[in-house]
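Chains as they are written, first to last, in this note's numbering: chain A, 1 to 515; chain B, 516 to 1030.
We put the CB at the ideal spot given by N, CA and C, even for glycine.
These numbers were taken from a predicted model, which means no experiment stands behind them.
Here it is, written out as structure tokens:
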């Protein structure tokens, strides 16, 4: 016997739609509707009709095989045969992460396609992958931050079974899995949550639309929706930890922040994307946050770029400060037009450091990456840093493929708005910015795996491998104590000493010595 | 030589207007404009013209003798002759507060009028007054929460000299002064701050209009405006501490909350109005918060009312819990439609307890108070509680004068909207709710001091005096340790034991014994 349940305090009547049957559901006093459907088996499709309307997907659907607008499919999570019994989990203090996007990591753009490249990652020497969001979004091509079916690995990637095969394959190879999840907003297409209940609030706004209601009327069940989603990924998909998108936009002014509940409920670790330089997130239970200051200071030191948020960074002096203090001191931020941040007093293991990530590449007009000569210097600093290093897929061989912004909204007006918005953002003319909706924009983002053997790329890959091997072999490099990091800046030359290892990086000539 | 300065990043040109002169001001790179006006003396009036427009008041004007729309007057704070050298300050742990509204506390409705009743307070035995906001608001009649001239004691109350005389008179009598200040919104009339700079943000909303910009672009100077305002009251007006209005609506998502800066900058104590049951406010530096749970549980136990927020309260069982735990446990709040609060683990001295206050009286449709028989029971519990007790002006003799909501907006459309909004709020017809704009509504709120000698009132006053004397004489009553409070509920009878004192309050018969 299967019970279908959905929280939907808004409609006055809810029916389960199974095949061509409509089954009246019963409401409890908290707004949960339920009905027993004795013959509903795993693999069957269903939906919910609100006040007699067309069927809507289950917000907690484990599989949406026909996309965000279609029916939900019953998933029996116990049916999957896991082979990762010997997997012992991720230790953040010795981890090196590798951020990848399922759709462009392999030619097939699927979980199974990604499995085909895992041995490369093992040989490279990273310890865990960090996967861009896989939750069902509208269309087949998306970075993942437009998700609306938050419990359903995307059908185009291979659905829940595909994701489980991927996680299992990582674990049997000794690789951990961090999953990127988005709780600060819902995607702009295919989000029917507002018809069900008060998932959104207009008390706050986010750059991506209405904020999620974590602290207003009816927020208890919205909090549960997010907390149980986190638990779901760890329990049903064996994910080791989560990367929470844009935590400063997870606004909760109530006495118990939803992040705190989330951290208490999840046995895995939590990494927050945050540029707030706010240690409060550690108090709320995050194990680590991304370190944008490290990236931005490094990027400015490497490229001299000062547009946008780079205006706040001095390059080498700031990079030196970050390496020894975690992030920048509280100071005026011209980009933000206000004083920003608070002193960091924790361990380097609470900060994830990177020379590139999906945002720092993809939020450039053309999605262009650092050059191999830049990456040589950057990798030496990232992989000898006191932080948790993270690479962005393909950077290890200096991939020339860009990672531009891409979408495949079925809502054509929305698609057009995204295309135009992207052009306006960079104040560039027609043709200067890849059209996110154009399938060619997505196609060009796919990694060219043959490139890693070519001259100029193969050497860089070897450089990354040797740096990772050095980090593995040298406990002092994995030490998170920032007061043990010795740094010196002379002109364009940054010298970093960490135990027996000295890195001399000349940002003028882009020469770097590690010894 | 006097330098006039104003922060006004928005206009392209600012002139000081002094008499019929317009003096060009010079802008620095932070948006501050300044000009030397050699002949500007204390007592002279001035304003600022933005981009050639009509003169606007100085946001930091110490005196607005012609109201919120008129010119600012130069104040020489050093000229006042203080006589309170021997005043040693307020100790919150032994304080009993007395909340009063200057306009209705005395017949004259002024600071000097209030001085005439201070001896009554000394005889009563309270230790400090808590004054509803005095900052300049539109018109002559207002609770004070519509202030826009945040540095100027209201001209109708007697302006800055009047306020200083009042504070000085309190101090020489051994009474402390707590001032209510509003940093969560600005009043709806006469607020020209938005013409000057980004004082508001639409990222958040408050029930009273746009929120104050404490964490967005340009917020540094807005934070300073608030922090320096707090400092100003303590330094220039000798106020002992501040009561911060609606702190949950002081929204700051940045890494250093403005409340923290405020607490660091002010030598006095800070009491926050908060119904959030959130101990974080103590971490941010507040010394105490109001205890609405105590009030609401007591009110329900006394009156049986369950409308509005009272629906969350069970009466006696909740009151017993609050007396021994500070506030209610984290639990579902039907009124809020969500789970609310967090466990309190601090001292009773961090919570202000009251049977009435301006809000709890005034936010009733007619502003009606508890009856003397209710107050007999309530006073026994408030004044033997482990909290910081607070009385509302006139309750000590069971004043029959109501404290309805009143305003005197010069903007007639706004006035009409306030009148209509008030009627709608209580869903009562014409004449059922006093019109806030009607001078008669204000007039009826004035305390009738002759009443305190009348039968039924004089006895209550004596009861309050004796309870206050008992609290003074009994250290155990002033002990803030909640684990020492013994409480028992049997039917309608609440028994509270505090050291040698036992209070037996029968909520059925409204009988109370203290012995």
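| Asked | Found |
| --- | --- |
| DSSP bridge partner residues for residue 116 (chain A) (one or two, in chain order) | Answer is none; residue 116 (chain A) lacks a bridge partner. |
| Beta-carbon gap between residue 211 (chain A) and residue 251 (chain A) smaller than 8 Å | yes |
| Within chain B, the residues that residue 336 (chain A) reaches when beta carbons sit closer than 8 Å | 732 |
| Delimiting residues of the alpha helix (DSSP H) encompassing residue 262 (chain A) | 258-265 |
| Residue ranges of each beta strand (DSSP E) within the segment 187-259 of chain A, 3 or longer | 200-206, 209-212 and 241-244 |
| Of the residues B:1016, B:1006 and B:689, the one placed nearest residue 1000 (chain B), counting alpha carbons only | B:1016 |
| Host beta strand (DSSP E) of residue 984 (chain B) (start-end) | First-last for residue 984 (chain B): 973-988, but that is the alpha helix (DSSP H), not the beta strand (DSSP E). |
| Where the beta strand (DSSP E) containing residue 153 (chain A) begins and where it ends | 147-153 |
| Neighbouring residues, chain B, relative to residue 351 (chain A) (Cβ below 8 Å) | Within chain B, no residue comes near residue 351 (chain A); the closest Cβ sits about 15 Å away, beyond 8 Å. |
| Contact set for residue 526 (chain B): own chain, Cβ-Cβ below 6 Å, skip 5 residues either direction | 565 and 566 |
| Proximity test, Cβ basis, 8 Å: residue 318 (chain A) and chain E | Here chain E cannot be found, since the structure's protein chains are A and B. |
| Residue 333 (chain A) - DSSP class collapsed to helix/strand/coil | strand |
| CA nearest to the CA of residue 629 (chain B), picked from B:862, B:908, B:955 and B:1006 | B:908 |
| Range covered by the alpha helix (DSSP H) that runs through residue 68 (chain A) | Looking at the DSSP string, residue 68 (chain A) is not in any alpha helix (DSSP H), and its letter there is neither H nor E. |
| C-alpha distance - residue 401 (chain A) paired with residue 324 (chain A), whole-angstrom precision | 34 Å |
| Of the residues B:573, B:615, B:535 and B:544, the one placed nearest residue 519 (chain B), counting alpha carbons only | B:573 |
| Range covered by the beta strand (DSSP E) that runs through residue 854 (chain B) | 853-855 |
| Rounded straight-line distance, which links the Cα of residue 1021 (chain B) to that of residue 342 (chain A) | 53 Å |
| Residue 477 (chain A) (DSSP reduced to helix, strand or coil) | helix |
| Residues that residue 245 (chain A) contacts on chain B, provided the C-beta gap is smaller than 7 Å | By Cβ distance, chain B contributes nothing, its closest Cβ being about 16 Å from residue 245 (chain A), past 7 Å. |
| Sequence-distant residues of the same chain with beta carbon closer than 8 Å to residue 676 (chain B), five excluded per side | 595 |
| Beta strand (DSSP E) segments (min. 3 residues) lying fully within the segment 260-306 of chain A | 269-272 and 288-290 |
| CB contact check: residue 256 (chain A) to chain B, cutoff 8 Å | yes |
| Bridge-paired residues (DSSP) for residue 650 (chain B) | B:668 |
| One or two residues paired with residue 183 (chain A) in a DSSP bridge | Bridge partners of residue 183 (chain A): none, in fact. |
| Residue range of the unbroken beta strand (DSSP E) whose run includes residue 825 (chain B) | Where residue 825 (chain B) is concerned, there is no enclosing beta strand (DSSP E), given that its DSSP letter is neither H nor E. |
| Pairwise C-alpha distance: residue 355 (chain A) and residue 278 (chain A) | 21 Å |
| Within chain B, the residues that residue 248 (chain A) reaches when beta carbons sit closer than 7 Å | 768 |
| CA-to-CA distance, residue 55 (chain A) to residue 148 (chain A), given in whole angstroms | 16 Å |
| Residue 61 (chain A) versus A:132, A:469, A:154 and A:133, residue with shortest Cα-Cα distance | A:154 |
| Alpha carbon of residue 366 (chain A) to alpha carbon of residue 442 (chain A), nearest angstrom | 12 Å |
| Contact under 8 Å by Cβ, residue 249 (chain A) with residue 296 (chain A) | no |
| Inter-stretch contact at 8 Å, needing at least 3 Cβ pairs: the segment 121-135 of chain A / the segment 32-44 of chain A | no |
| Environment of residue 299 (chain A) [buried if 16+ CB atoms lie within 10 Å] | buried |
| Contact under 8 Å by Cβ, residue 242 (chain A) with residue 179 (chain A) | yes |
| Proximity below 8 Å, CB of residue 198 (chain A) to CB of residue 181 (chain A) | no |
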